[in-house]
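There are 2 protein chains.
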Amino acid sequence: MRAYVYVSLKKSVLDPQGKTIQAALRKMGYKGLEDVRQGKYFELTLDGGLSREEAQAEVERIAREVLTNPVIEEFQCSLVE
Amino acid sequence: MRAYVYVSLKKSVLDPQGKTIQAALRKMGYKGLEDVRQGKYFELTLDGGLSREEAQAEVERIAREVLTNPVIEEFQCSLVE
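Going down the list, the sequences are from chains A and B. Numbered per our numbering, the first sequence spans residues 68 to 148. Numbered per our numbering, the second sequence spans residues 68 to 148.
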């Protein structure tokens with residue numbers, strides 16, 4: 068089973084890295100961009116010892132307690148068989 | 068329109084950052100993890116001036132030419148209205 072965790076800055080938090088990428092892309096001539104935000108992405112491969120519910124709970128716990136800084140970041144999880 | 072670009076190391080490339088996260092999680096007592104890989108994640112907001120096909124092409128061009136190092140990385144794009 069595989070789990071994907073996407074961690075991004077909360078909407079209310081300024082993302083200077085995203086702004087820098089956006090400015091660079093505009094200077095390079097890419098069009099139509101209104102905003103760019105950057106985040107992190109984790110791919111967790113789980114062994115077969117966990118049921119789907121246990122895996123979901125474990126991945127959410129890892130994302131919440133370790134991979135995300137809850138003060139400024141939020142996360143999304145998805146589980147794929 | 069919003070586009071999501073996920074950039075990760077190619078499967079054939081060693082991911083020391085992912086390995087470090089995996090070792091740390093194991094030490095902290097999280098179970099059932101076989102592998103962890105880390106990547107980057109970009110959220111691009113596009114203005115309304117592009118059709119869906121144009122937007123898809125532009126986002127793929129940005130991902131390929133700017134956001135990804137094609138020697139060691141690969142990307143996936145998805146477009147959401």
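For each residue, glycine too, the CB sits at the ideal point set by N, CA and C.
Amino acids of chain A, ordered along the chain, whose beta-carbon sits closer than 7 Å to that of residue i
i	result
B:Ala130	None at all; the shortest Cβ gap to chain A is about 11 Å.
CB of residue i within 7 Å of CB of residue j, strictly
i	j	result
A:Asp114	B:Glu101	yes
A:Ile129	B:Tyr73	no
A:Lys77	A:Glu127	no
B:Gly106	A:Gly116	no
Three-state secondary structure (DSSP) of residue i
i	result
A:Val103	strand
A:Glu140	strand
B:Glu110	strand
A:Leu76	strand
A:Leu146	strand
Whole-Å CB distance - residue i paired with residue j, under 8 Å assumed
i	j	result
A:Ser75	A:Arg104	6 Å
A:Ala122	A:Ala70	7 Å
B:Leu92	A:Val133	6 Å
Per-residue contacts from residue i into chain A (C-beta, under 9 Å)
i	result
B:Thr112	Leu100, Glu101, Asp102, Val103 and Arg104
Contact list for residue i against chain B, beta-carbon separation under 9 Å
i	result
A:Val147	Per Cβ cutoff of 9 Å: no residues; A:Val147 is ~13 Å from chain B at best.
A:Val138	None at all; the shortest Cβ gap to chain B is about 19 Å.
Partner residues on chain A for residue i, Cβ-Cβ distance less than 8 Å
i	result
B:Lys107	Gln105, Gly106, Lys107 and Tyr108
B:Ala122	Gly99
Proximal residues of chain B, C-beta to C-beta of residue i below 8 Å
i	result
A:Ser75	Tyr108 and Glu110
Selection of the stretch 81-98 of chain B by Cβ proximity to chain A, strictly under 9 Å:
For the stretch 81-98 of chain B, the beta-carbon criterion of a distance under 9 Å to any beta-carbon of chain A is satisfied by Gly85, Ile88, Gln89, Ala91, Leu92, Met95, Tyr97 and Lys98.
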